[in-house]
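Just below is one structure, and these are the notes that go with it.
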Amino acid sequence: MGPLIPLHIIPETWNHVIAVLLGMAFGFIMESSGFSSSRKIVGLFYGYDFTVLRVFFTATVVTAIGLYYFSYMGWIDMSFVYIHPTYLTAAIVGGLIMGLGFVSGGYCPGTSLIGAAIGRIDGIVFTTGLMIGIFLFSEAFPVLEGIYEGTGMFDGDFLGYITITEYFNISPHLFIFGFTVVAVAAFYFTNLIRKRVKPVNY
Amino acid sequence: MSKRYFILGAVLIIVAFGLVLLPDSVNKDQVPPEKLLKEIMSQSRYISPDLVASRMIDEDPSIFLVDVRSAEEYSTYSLPGALNIPLENLLDNEWKPYLEQTGVDVVLISNDNLYAEQAWVLCTRSGYKNIYVLKGGLNQWFADIMQPQMPAPTEPAEAFDLYTFRKGASKYFGGGSDDQMVTSNKSESLPVIQRTKKSAAAGGC
Amino acid sequence: MDNKNDHSKTYFNPYFGGVMLGLILLATFYITGRGLGASGAAKSTVVAAVDRVAPKHAEESTYYSKFISDDLHPMNTWLVFEAIGVLAGAFLSGAIAGRLKIKTEHNPKITRRRRLVFALIGGILFGVGSQIARGCTSGAALSGAAVLSLGGFITMMAIFGSAYGFAYFFRKLWT
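The listed protein sequences correspond, in order, to chains D, F and P. Start counting the first sequence at 1; every next residue gets the next number (this note's numbering). Start counting the second sequence at 1001; every next residue gets the next number (this note's numbering). Start counting the third sequence at 2001; every next residue gets the next number (this note's numbering).
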């Protein structure tokens, strides 16, 4: 019955060992899939390389399907799984800023670490920028507190630790099925797009 | 688009569709009524105050006391080391790690059997294992352990052995006098494992 | 695959990589009850650094103090350990595939300097954005969407939508 650490099936002393091991697997797979190359990542936005979309959607779908099968089998208790909380405006505004950072920097925080690990200077610079950005946010926090906490003029933004299927009151299983179909369709159509776009050598 | 990818895509969609076909799993973790009835009829859920006392004295780490009375009653008196989970909060997620476990015997305590029994039914129906009820509750505990009655001279030797044990246990738990109803539940060093519960951590990316 | 660049042979097939990544993420949820993250480690580093350099300031600031009390919080250090693992794993993969090389990857049409300036700007924007949205592409979008979190989906769509929207203005940088 999982999750193992919150339910004390694995003692907490193993926590950091597991963190390093999972991180290594994560880093290895991301690097091997080509996430260390900013030009490969950004290909997604210009239509010449959809690797990111393929890896990202496949991973999301596999995890979601796996989690719900695990939950059905009683192997994992979903009430102990951390659901990313929903702060409406913060999620949108943060996402918009990150999207701008994505096309500008060519990396996201995870991939910049991976780029930095194999010696990409742009990855190191991006990671430095990331820390500067976090520092700036922290300094400006009094101004941004409303949007972050969903208070003041953003009152009512916090919708809780809610899933999309709870919010729209649909079956999670049906949603995952639909999501999978959309993902597979996206793989097919993006491949058609890629064939039409002038290839970029990098 | 090669045939290979077509097959792989189809496999993924079929696996996802399997989720849709799954029967409703809402009651899956719960014990069916027939089985529950059988367990209710069985007396094996009761654990006597003597056994609890002896295991506590032996510092047995595999016994875990849960007081299902209100916080108010709990603060007045409870068994040393007992954790307070008021009945109305029994199914809160907060307490799940304590109750849902294997390898530890959870003993439910109330004043008499009533609330502990109700809690036992809820726990059993939730599929928790190794859940017991302190037979007769705290009242029986007082009668047996804190103020044991000397057996009549005609009773067999076992009764006297039990009495001797109870006398000792009574000393151990600070009983023996008449005012133990107000003894505090601050135990000296009781062996019951105190599992620290970790909530799902927040924040971070 | 008809992709003619010379790396493609050494990279995993993206779907294979995706399935593997999904399984790792599933294992992470199964073991730790939560997903993977990247910007959290950077946040812990920043908080720790500010706390070291200007402890007084850190204590007074609302945002830092949120995490200083939490600094010993297992999750924050967990993410740092995870990030160390990510670096090690990526290094290993790069070493095996022969991709270890110190260089700046940029479009030959732009200067190296320009690329680095935009990387820095992108990093800063990502730093701010990930804090507002409580997570980045890995923590909010990937791990969030995998558990069907509403916020995770919104952030994911906002990130990719905005990236597509702004892509036109940055096209000289990349193509």
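Quick reminder that beta carbons are idealized off the backbone N, C-alpha and C, glycines included.
Beta-carbon gap between residue i and residue j smaller than 9 angstroms
i         : j         : result
D:Gly99   : P:Phe2166 : yes
P:Gly2123 : D:Thr127  : yes
D:Val182  : P:Pro2014 : no
P:Phe2126 : D:Gly27   : no
P:Glu2082 : P:Gly2037 : yes
D:Leu7    : P:Ala2027 : no
D:Val93   : P:Gly2022 : no
F:Leu1138 : F:Asp1112 : yes
F:Tyr1074 : F:Pro1086 : yes
D:Gly2    : P:Ile2031 : yes
F:Ile1047 : F:Tyr1132 : yes
D:Tyr87   : D:Gly150  : yes
D:Thr190  : D:Leu67   : no
P:Leu2116 : D:Phe175  : no
D:Gly160  : D:Met153  : no
Rounded separation between residue i and residue j - CA only
i         : j         : result
D:Ala118  : D:Gly95   : The sequence shown places Ile at residue 118 of chain D, rather than the Ala named in the question. Between D:Ile118 and D:Gly95, the C-alpha separation is close to 27 angstroms.
F:Pro1151 : F:Tyr1163 : 7 angstroms
F:Leu1065 : F:Gly1081 : 7 angstroms
P:Thr2062 : D:Pro142  : 7 angstroms
P:Ser2143 : P:Gly2035 : 5 angstroms
P:Ala2048 : D:Arg120  : 25 angstroms
F:Leu1134 : F:Asn1084 : 15 angstroms
D:Thr58   : F:Lys1035 : 42 angstroms
P:Ile2084 : P:Thr2077 : 11 angstroms
P:Lys2109 : D:Thr165  : 46 angstroms
F:Ser1054 : D:Tyr82   : 41 angstroms
D:Phe70   : D:Ile76   : 6 angstroms
P:Ile2121 : P:Lys2056 : 29 angstroms
F:Ser1184 : F:Met1146 : Residue confidence is low: F:Ser1184 scores 41 on pLDDT, short of 50, so the model does not pin down where it sits. No coordinate-derived value is stated.
F:Leu1019 : D:Phe135  : 44 angstroms
D:Gly106  : D:Arg194  : 19 angstroms
P:Ala2119 : D:Ala140  : 22 angstroms
F:Asp1060 : F:Ser1042 : 25 angstroms
Residues of its chain near residue i, where Cβ-Cβ distance is below 8 angstroms and the 5 sequence neighbours each way are ignored
i         : result
F:Gly1204 : Only weak support is given to the placement of F:Gly1204: the predicted model assigns it a pLDDT of 43, under 50, and the question is left unresolved by the model.
F:Ser1002 : none
F:Leu1091 : Leu1122 and Ser1126
P:Val2086 : Ala2038
P:Thr2010 : Ala2097, Gly2098 and Arg2099
P:Leu2025 : Gly2035, Leu2036, Leu2142, Ser2143 and Ala2146
As assigned by DSSP and simplified to three states, the class of residue i
i         : result
D:Phe50   : coil
D:Tyr107  : coil
D:Asn169  : coil
F:Asn1084 : strand
F:Leu1162 : helix
D:Ser71   : helix
F:Asp1112 : coil
F:Asp1144 : helix
P:Arg2115 : helix
F:Val1066 : strand
D:Thr89   : helix
P:Ser2149 : strand
F:Asp1050 : helix
P:Lys2103 : strand
Cross-chain neighbours of residue i in chain D, by beta carbon under 7 angstroms
i         : result
P:Ile2024 : Leu22, Ala25, Phe26 and Ile29
F:Leu1122 : Residues of chain D passing the Cβ test: none, with the nearest at roughly 16 angstroms.
F:Asn1093 : Ser79
F:Val1020 : His173, Leu174 and Phe177
Sequence-distant residues of the same chain with beta carbon closer than 7 angstroms to residue i, five excluded per side
i         : result
P:Ala2145 : Gly2152, Phe2153 and Met2156
F:Pro1148 : Tyr1163, Arg1166, Lys1167 and Ser1170
D:Tyr10   : Correcting the residue identity first, residue 10 of chain D is Ile in this sequence and not Tyr. Counting only Cβ-Cβ distances below 7 angstroms, and skipping sequence neighbours, we find Leu4.
D:Thr12   : The sequence given here places Glu at residue 12 of chain D; Thr does not occur at that position. Closer than 7 angstroms at the Cβ level, and outside the excluded window around D:Glu12, lie Ile5.
Interface residues of chain F facing residue i [CB-CB closer than 7 angstroms]
i        : result
D:Thr180 : Leu1012, Ile1013 and Ala1016
D:Val184 : Gly1009, Leu1012 and Ile1013
Contact set for residue i: own chain, Cβ-Cβ below 6 angstroms, skip 5 residues either direction
i         : result
F:Ile1069 : It should be pointed out that residue 1069 of chain F corresponds to Arg in this sequence rather than to Ile. The answer, listed in chain order, is Ser1110.
D:Met30   : Ile114
D:Gly206  : Absent from the model: residue 206 of chain D. The displayed extent of chain D is 1 to 202, so no value can be given.
P:Ser2065 : Glu2059
P:Lys2004 : Because the pLDDT at P:Lys2004 is just 46, under 50, the model does not fix this residue reliably, and the point stays unresolved.
Under 9 angstroms by beta carbon: chain D residues contacting residue i
i         : result
F:Gly1081 : Residues of chain D passing the Cβ test: none, with the nearest at roughly 18 angstroms.
F:Gly1103 : Residues of chain D passing the Cβ test: none, with the nearest at roughly 11 angstroms.
Neighbour list for residue i in chain D, Cβ cutoff strictly below 8 angstroms
i         : result
P:Gly2098 : Residues of chain D passing the Cβ test: none, with the nearest at roughly 10 angstroms.
P:Ile2031 : Gly2, Pro3, Leu4, Ile5, Ile10, Ile18 and Leu22
P:Ile2124 : Gly101, Gly129, Leu130, Ile132, Gly133 and Leu136
Closer than 9 angstroms at the beta carbon, the chain P residues around residue i
i        : result
D:Arg120 : Lys2101, Ile2102, Lys2103, Thr2104 and Glu2105
Neighbouring residues, chain P, relative to residue i (Cβ below 8 angstroms)
i        : result
D:Ile134 : Ser2039, Ala2042, Lys2043, Val2046, Gly2127, Val2128, Ser2130 and Gln2131
Partner residues on chain F for residue i, Cβ-Cβ distance less than 8 angstroms
i        : result
D:Ile147 : Chain F residues near D:Ile147: none, gap ~16 angstroms exceeds 8 angstroms.
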